[in-house]
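Presented below is the structure to which this report refers.
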Amino acid sequence: MRPATVLALLLLLATAPTVAQDADPNDVDTINSILAAFFEVISGPENTPRNWDRFQSLFAPDARQVAIGRDSTGAVTHQVWSPGEYEEDLRPYFDVNAFFEIELSREEERYGNLAHAFSTYESYRTATHDEVIGRGINSFQLVRRDNRWWILTIVWQPEWPDLPLPDKYLPRTEDN
Numbered sequence: 003m004r005p006a007t008v009l010a011l012l013l014l015l016a017t018a019p020t021v022a023q024d025a026d027p028n029d030v031d032t033i034n035s036i037l038a039a040f041f042e043v044i045s046g047p048e049n050t051p052r053n054w055d056r057f058q059s060l061f062a063p064d065a066r067q068v069a070i071g072r073d074s075t076g077a078v079t080h081q082v083w084s085p086g087e088y089e090e091d092l093r094p095y096f097d098v099n100a101f102f103e104i105e106l107s108r109e110e111e112r113y114g115n116l117a118h119a120f121s122t123y124e125s126y127r128t129a130t131h132d133e134v135i136g137r138g139i140n141s142f143q144l145v146r147r148d149n150r151w152w153i154l155t156i157v158w159q160p161e162w163p164d165l166p167l168p169d170k171y172l173p174r175t176e177d178n
């Protein structure tokens, strides 16, 4: 066997799930369903805990979530969490605050069992989406294995006043 093939096989074995995560098959059957489940599980009214078991079931073992932000000087930073760390850090906020996030549009590419989705989002404090509190792009990397989709990573970049969302990532209209 060629060294590259051996390395690929070793990496595959090293990253294979060691514990099956229970997921609703309807949540993980398609890319549409897993992304819809993600947005559903992080969204909810105030004083309503999120379904963290459902949240965890969407992610592959060793998955990562990365938030791009700015520090107090305006320099670009990033924060990395495992899904468990994300839950631990953000559960107190989500348990008491209303937060709703919806997908506005998506650019998706797929090759075999690998998929990438550039998902434009808007965030709100109400289920009626009265006032936008944030927009940006979630970059999802997914893998299909074990007869389901798994989220490997999510990296998100919020829209900033000096970094507006490009038209190509906004919902299609007759003008664009």
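First residue of the sequence shown? That's 3 in this note's numbering, and the numbers climb one at a time after it. In this text, a Cβ means the ideal position worked out from N, Cα and C, and glycines have one as well.
| Item | Value |
| --- | --- |
| Range covered by the beta strand (DSSP E) that runs through L182 | Here the chain comprises residues numbered 3 to 178, so residue 182 is not present and cannot be evaluated. |
| Nearest-angstrom Cα separation, counted from P63 out to T17 | Residue confidence is low: T17 scores 49 on pLDDT, short of 50, so the model does not pin down where it sits. Its coordinate-derived value is still stated next. Roughly 8 Å between the two C-alpha positions. |
| Buried or exposed by the 16-neighbour rule on C-beta atoms within 10 Å, applied to A129 | exposed |
| Under 8 Å between C-beta atoms of Q81 and G71 | yes |
| DSSP-derived helix/strand/coil call for V8 | Residue confidence is low: V8 scores 49 on pLDDT, short of 50, so the model does not pin down where it sits. No coordinate-derived value is stated. |
| Close beta carbons around L172, own chain, < 8 Å, minus the five adjacent residues each side | L106, S107, T122, N178 |
| Separation of W162 from S84, as counted between CA atoms | 25 Å |
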